[in-house]
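A.B. asks:
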Amino acid sequence: MKSRRIGCVKYLNARPLIHGWPGEVDFDHPSALCKRLAGGELDVALVSSLEFLRNPIYRIVDNVSISSYGSVYSVIIVHQRKISDLDEIELDPAAETSTNLLRC
Numbered sequence: 101m102k103s104r105r106i107g108c109v110k111y112l113n114a115r116p117l118i119h120g121w122p123g124e125v126d127f128d129h130p131s132a133l134c135k136r137l138a139g140g141e142l143d144v145a146l147v148s149s150l151e152f153l154r155n156p157i158y159r160i161v162d163n164v165s166i167s168s169y170g171s172v173y174s175v176i177i178v179h180q181r182k183i184s185d186l187d188e189i190e191l192d193p194a195a196e197t198s199t200n201l202l203r204c
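For the sequence shown, the working numbering assigns the number 101 to the initial residue and increments by one for each residue that follows.
Laid out in structure tokens, this is it:
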């Protein structure tokens, strides 16, 4: 049987989800994992709910997620002026979900 090509985000909060997996795991940034899964380079990957919604062939693995009942403050905007005074905001291209949340 061919081993599964698994992708996981590089962040510490994802490590418990792959703990004990005997095979190899490719660690990458969230946006890279999305592209690699969509391109067939990975069989399974920890991707955002936005990526899941983009591709109707994806399936959710039950009882596995990085989630919280409350605020986690992992995505914040920090500035010294009124937000209405800002002309532009620099975004991390590796953080696709954060970028889309900012647009809301």
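Where a beta carbon is used, it is the ideal one built from N, C-alpha and C, also for glycine.
1. Just how far apart, CA to CA, sit Ser-171 and His-119?
2. To the nearest angstrom, how far is it from the Cα of Tyr-158 to the Cα of Thr-197?
3. Using C-beta distances below 8 Å, list every residue in its chain close to Ser-131, excluding the 5 sequence neighbours before and after it, in chain order.
4. Rounding to the nearest angstrom, what Cα-Cα distance links Phe-127 and Val-109 in this structure?
5. Tell me whether the beta-carbon of Arg-154 lies closer than 8 Å to the beta-carbon of Ala-145.
6. To which residues does DSSP link Cys-204 through a beta bridge?
7. Excluding the five sequence neighbours on either side, which residues of its own chain have a C-beta within less than 8 Å of the C-beta of Gln-180, listed in chain order?
8. Which residue wins for smallest C-alpha separation from His-129, given the options Trp-121, Pro-122, Tyr-111?
9. Where are the alpha helix (DSSP H) runs, 4 residues long or more, that stay fully inside the stretch 110-197, in chain order?
10. What's the C-alpha gap between Val-125 and Leu-201?
C.D. replies: Judging by the given coordinates:
1. Here the question's residue 171 lines up with position 71 in the sequence shown. Here the question's residue 119 lines up with position 19 in the sequence shown. Straight across, the Cα-Cα distance linking Ser-171 with His-119 is about 25 Å.
2. As a position in the sequence shown, residue 158 is number 58, starting the count at 1. As a position in the sequence shown, residue 197 is number 97, starting the count at 1. C-alpha of Tyr-158 to C-alpha of Thr-197: approximately 17 Å in a straight line.
3. In the sequence shown, counting from the first residue as 1, residue 131 sits at position 31. Closer than 8 Å at the Cβ level, and outside the excluded window around Ser-131, lie Pro-193, Ala-194, Ala-195, Glu-196.
4. The residue labelled residue 127 in the question sits at position 27 within the sequence shown. The residue labelled residue 109 in the question sits at position 9 within the sequence shown. Cα atoms of Phe-127 and Val-109: separation of roughly 5 Å, rounded to the nearest angstrom.
5. In the sequence shown, counting from the first residue as 1, residue 154 sits at position 54. In the sequence shown, counting from the first residue as 1, residue 145 sits at position 45. The answer is no: Cβ separation not under 8 Å.
6. Taking the first residue of the sequence shown as 1, we reach residue 204 at position 104. Within the DSSP bridge table, the entry for Cys-204 names no partner.
7. Looking up residue 180 in the sequence shown gives position 80. Contacts found: none.
8. Stepping through the sequence shown from its first residue, residue 129 is reached at position 29. Looking at the Cα atoms, Tyr-111 is the closest of the given residues.
9. Entirely contained in the stretch 110-197, the alpha helix (DSSP H) runs reaching 4 residues are, in chain order, 115-118, 130-138, 149-154.
10. The count along the sequence shown starts at 1 and reaches residue 125 at position 25. The count along the sequence shown starts at 1 and reaches residue 201 at position 101. Their backbone Cα atoms lie some 28 Å apart in a straight line.
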